[in-house]
DNA sequence: ATAGTTGAGTGGTCAGACCAATTTTTAGCG
DNA sequence: CGCTAAAAATTGGTCTGACCACTCAACTAT
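Written out as structure tokens, the structure is:
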């Protein structure tokens, strides 16, 4: 009875029965790395992808829509699909509406974010120049920024001097999640102290300053 | 009822010309909050949603797939779609996979992983009991483990005492990625020293021990 | 009462058809 | 030859309808 059996070409085992759109996701990732695409570059069209990956256009679209919602790609009707600079703020609103208030997750995010900020500051401390300090000060003095924006901009400057993109991305993501929840600590004095420490190059005090936040 | 005019029922303004799947996303969110659904609860079927939201099943699926990729829902063929406990870990993993295309992220991974291991150790240090120390020792003495496995098992014990799932998840992810690249540092003496430090409760030395690795 | 069958419901995937916006090509004119 | 305007091709956006594979509950025959 032949059992036609046409499903995905490669379900090497039963255990890896991934869905079509997940495989498409993986293939797109491979394609990006193989061709060394970066933000702004164009991806093949949906029809082309479907053809090359041996999947239907619907499946390809499911993968692309998911990527779009995550903010990794941008699609322009009539033009195509493009890689995007990852900017988190977009997805948050939607996400937070779905997220149930799990206090454990909240605590993890705050703690981990705090650690990453501390380490980033330690790394960046030797790289910050006088103009960077000026930039940090002007962020503090800019009264048009609310607390969240101030924090984000402040540490954005710092992360840019860590030369560690991965850490910055992880941080941005957590910043994103914590955007909707009331942050703890981080009063204005914290930033002032931090700038002072950076100015006088007392790197050992960074640890101490951040430690105070956790309590 | 007029019935003609079939485009999206509500494009409140021209400026908010959202796509169908985005509106579906919003409608699903409303549905969830209106019916006070929480994790484990079942969503209407795809066909039902398509019908109620006046959209095609394709559009509904694009929205659902995006939610699934975000880790907000879970689908079981033959059963239905269910709300899931939200875990940011999933998203972190997903994003990282796309971020790691950059060739010089290798360095970033090693550095970041190192930082996380250090901080996790500091956090866990006060939680580790005598039996845990015994476990760590036995991992070191198990000659059936290769370097990678030893490292993984060793820190897995430590991360289990941090009570920070997010951090552990991030670490595991980076472990995965670094699996194919030759690791630096981490000779056997490192673990021995670390155990000694933990035994004698010299938490200040943790920082120093890890610092040596980076050079 | 039990075991086996059947059928309805659900997600997974696909093919094909239009529409709408944009780009590229072509045709036409000066 | 050069420019502009129309036509064609390309691309994303949406919808319809069709199967398949899987799950579960109702039904049936033993």
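Chains as they are written, first to last, in my numbering: chain R, 79 to 293; chain E, 79 to 293.
For each residue, glycine too, the CB sits at the ideal point set by N, CA and C.
Values in this document were obtained by computation on a predicted structure and should not be read as measured data.
Buried or exposed: which applies to residue i, given that a residue is buried once 16 or more other Cβ atoms fall within 10 Å of its Cβ?
i, result
"residue 270 of chain E", "exposed"
"residue 286 of chain R", "exposed"
"residue 134 of chain E", "exposed"
"residue 220 of chain E", "exposed"
"residue 265 of chain E", "exposed"
"residue 96 of chain R", "exposed"
"residue 253 of chain R", "buried"
"residue 292 of chain E", "exposed"
"residue 120 of chain R", "exposed"
"residue 278 of chain E", "exposed"
"residue 258 of chain R", "exposed"
"residue 140 of chain R", "buried"
"residue 196 of chain R", "buried"
Measure from the C-beta of residue i to each C-beta in chain R and report whether the shortest distance is under 9 Å.
i, result
"residue 329 of chain E", "Nothing in the structure corresponds to residue 329 of chain E, since chain E is present only between 79 and 293."
"residue 248 of chain E", "yes"
"residue 131 of chain E", "no"
"residue 187 of chain E", "yes"
"residue 122 of chain E", "no"
"residue 283 of chain E", "no"
"residue 143 of chain E", "yes"
"residue 146 of chain E", "yes"
"residue 136 of chain E", "yes"
"residue 152 of chain E", "no"
"residue 125 of chain E", "no"
"residue 93 of chain E", "In this prediction, residue 93 of chain E has a pLDDT of 46, which is less than 50 and means its spatial position is unreliable; nothing more can be read from the coordinates."
"residue 157 of chain E", "no"
"residue 245 of chain E", "yes"
"residue 105 of chain E", "no"
Please confirm if residue i has its CB atom under 9 Å from at least one CB of chain E.
i, result
"residue 204 of chain R", "no"
"residue 237 of chain R", "no"
"residue 128 of chain R", "no"
"residue 195 of chain R", "no"
"residue 242 of chain R", "yes"
"residue 279 of chain R", "no"
"residue 251 of chain R", "yes"
"residue 183 of chain R", "yes"
Output the distance between the C-alpha atoms of residue i and residue j, rounded to the nearest integer angstrom.
i, j, result
"residue 107 of chain E", "residue 204 of chain R", "46 Å"
"residue 103 of chain E", "residue 230 of chain R", "28 Å"
"residue 222 of chain R", "residue 234 of chain R", "17 Å"
"residue 216 of chain E", "residue 198 of chain E", "20 Å"
"residue 88 of chain R", "residue 164 of chain E", "Low confidence applies here, because residue 88 of chain R scores a pLDDT of 35, under 50, leaving its location unreliable; read the following figure in that light. Residue 88 of chain R and residue 164 of chain E: Cα-Cα distance of roughly 30 Å."
"residue 243 of chain R", "residue 186 of chain E", "7 Å"
"residue 92 of chain R", "residue 101 of chain R", "Because residue 92 of chain R carries a pLDDT of 39, less than 50, the predicted location of this residue cannot be relied on, and no value is offered for it."
"residue 130 of chain R", "residue 113 of chain R", "15 Å"
"residue 255 of chain R", "residue 161 of chain R", "23 Å"
"residue 117 of chain R", "residue 110 of chain R", "10 Å"
"residue 123 of chain R", "residue 239 of chain E", "48 Å"
"residue 128 of chain E", "residue 248 of chain E", "37 Å"
"residue 245 of chain R", "residue 194 of chain R", "7 Å"
"residue 274 of chain E", "residue 167 of chain E", "32 Å"
"residue 284 of chain E", "residue 105 of chain R", "42 Å"
"residue 98 of chain E", "residue 137 of chain E", "6 Å"
"residue 260 of chain R", "residue 214 of chain R", "23 Å"
"residue 289 of chain R", "residue 227 of chain E", "32 Å"
"residue 276 of chain R", "residue 209 of chain R", "13 Å"
"residue 192 of chain E", "residue 169 of chain E", "22 Å"
"residue 232 of chain R", "residue 188 of chain R", "17 Å"
"residue 236 of chain R", "residue 200 of chain R", "10 Å"
"residue 155 of chain R", "residue 159 of chain E", "30 Å"
"residue 153 of chain R", "residue 125 of chain R", "14 Å"
Where do the ends of the beta strand (DSSP E) carrying residue i lie?
i, result
"residue 154 of chain R", "151–154"
"residue 206 of chain E", "First-last for residue 206 of chain E: undefined, no H or E at that position."
"residue 161 of chain R", "158–161"
What first and last residue would you give for the alpha helix (DSSP H) that runs through residue i?
i, result
"residue 281 of chain E", "281–291"
"residue 137 of chain E", "135–147"
"residue 238 of chain E", "From DSSP, residue 238 of chain E is part of no alpha helix (DSSP H); its letter is neither H nor E."
"residue 116 of chain R", "Segment: none, residue 116 of chain R is in no alpha helix (DSSP H) and carries neither H nor E."
"residue 271 of chain R", "266–277"
"residue 253 of chain E", "243–256"
"residue 111 of chain E", "98–112"
"residue 126 of chain E", "124–130"
Quick check: does the Cβ of residue i come within less than 8 Å of any heavy atom belonging to the ligand ADP?
i, result
"residue 219 of chain R", "This structure simply doesn't include the ligand ADP, nor any ligand for that matter."
Check whether the stretch 143–153 of chain E touches the stretch 125–144 of chain R, taking contact to mean three or more Cβ pairs, one atom from each stretch, closer than 8 Å.
yes
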